[in-house]
Amino acid sequence: MYKILWMIVLGCISQGAWAEWVEIERSEIQTTFANPSVSRSGWSKVRMTQMSDYKTPRRYDDKTFLSVLSQLEFKCKERQMQMLSYTLYSGHMGEGRVVSNNADTGKWNAVTPGSLDETLLEMACEKK
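For the sequence shown, our numbering assigns the number 6 to the initial residue and increments by one for each residue that follows.
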């Protein structure tokens, strides 16, 4: 009885984690997702998580990966963004082993109109 109840609880928890991702863009190479939950960083910045899931393995430093999880920060009013960190995973959808990660703050870049970055900025800033 307890095993069945535990399986139901775990199933609900895992489906809840998947439900956070919203598909933003799909191509022959990858599918890009964003987590619509945002957090504030100071008075005029918001942070959001993005995931790129590749259809075929990609290479980085002689290692292969299938997905990238990135932490992004946006200045909504100025329409700028920077990457705060990224993690490369051996499996799809951020699963498997960590292949590489980087937590260096990037530089602020203007968001190009009509780009994927603009879609992400609008999604993050509307939640602000």
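The C-beta atom is built at its ideal place from N, Cα and C for all residues, glycine as well.
Neighbour-count burial assignment, GLU78, 16 or more Cβ in a 10 Å radius: buried
Residue ranges of each beta strand (DSSP E) within the segment 25-97, 3 or longer: 27-31, 35-45, 50-65, 68-80, 85-94
Burial state of TYR4 (16 or more Cβ within 10 Å): Because the chain spans 6 through 133 in this model, residue 4 falls outside it and cannot be assessed.
Opposing strand residues paired with ALA115 [DSSP bridges]: GLN85
Three-state secondary structure (DSSP) of GLY21: Note that GLY21 scores a pLDDT of 38, beneath 50, so its modelled location is shaky and nothing firm can be said.
Classification of TRP26 by the beta-carbon crowding that lies within 10 angstroms, buried from 16 upward: buried
Length of the line joining the Cα atoms of ARG64 and VAL43: 30 Å
Burial state of VAL103 (16 or more Cβ within 10 Å): exposed
Distance, SER57 Cα to ARG31 Cα: 10 Å
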